[in-house]
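In full-length UniProt numbering, the protein residues as written are 1 to 117.
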């Protein structure tokens, strides 16, 4: 049986506009990180593998319960704010950026299966 290919480096959803900001993801051996491409030297929010899996499930279902252990997401008109629970890091994305990220999640682009066990 062929192994699942792993992604390395920072990636954004294939649904993101190339010139605009977006949620950018880096899958790691221990989980994942996200950052905001609109911010030069954007801080990253880190997830363990278990936290990433729970968060991706929340994003896929469209029910952000904030029970993933890593981040809390809040919304205001045209703003999705992702705040790390263990640091002061906060990233804010537009509706368009969030929709592109969510579409990429739905397509499996950021699946925890792509993270090494």
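The beta-carbon is built from N, C-alpha and C at its ideal position, and this holds for glycine as well.
Spanning the alpha carbons of residue 95 and residue 106 requires a straight line of approximately 16 Å.
If you draw a straight line from the Cα of residue 44 to the Cα of residue 77, it comes to about 24 Å. In this structure residue 54 is not in contact with residue 41, their Cβ atoms being roughly 28 Å apart against a cut-off of 8 Å. Residue 15 is not a Cβ neighbour of residue 25, given a cutoff of 7 Å.
If only complete runs of 4 or more residues are kept, the stretch 34-114 shows the alpha helix (DSSP H) at 49-61 and 95-106, in order along the chain.
Residue 93 and residue 49 have their C-alpha atoms roughly 23 Å apart. Burial of residue 21 is indicated by the presence of at least 16 other C-beta atoms within 10 angstroms of its C-beta. According to the DSSP assignment, residue 11 belongs to the beta strand (DSSP E) that extends over 10-12. Take the alpha-carbon of residue 73 and the one of residue 61: they are about 14 Å apart. Here the alpha carbons of residue 34 and residue 99 stand approximately 15 Å from one another. Taking C-alpha positions only, residue 36 is separated from residue 113 by approximately 23 Å. DSSP lists 48 as the bridge partner or partners of residue 31.
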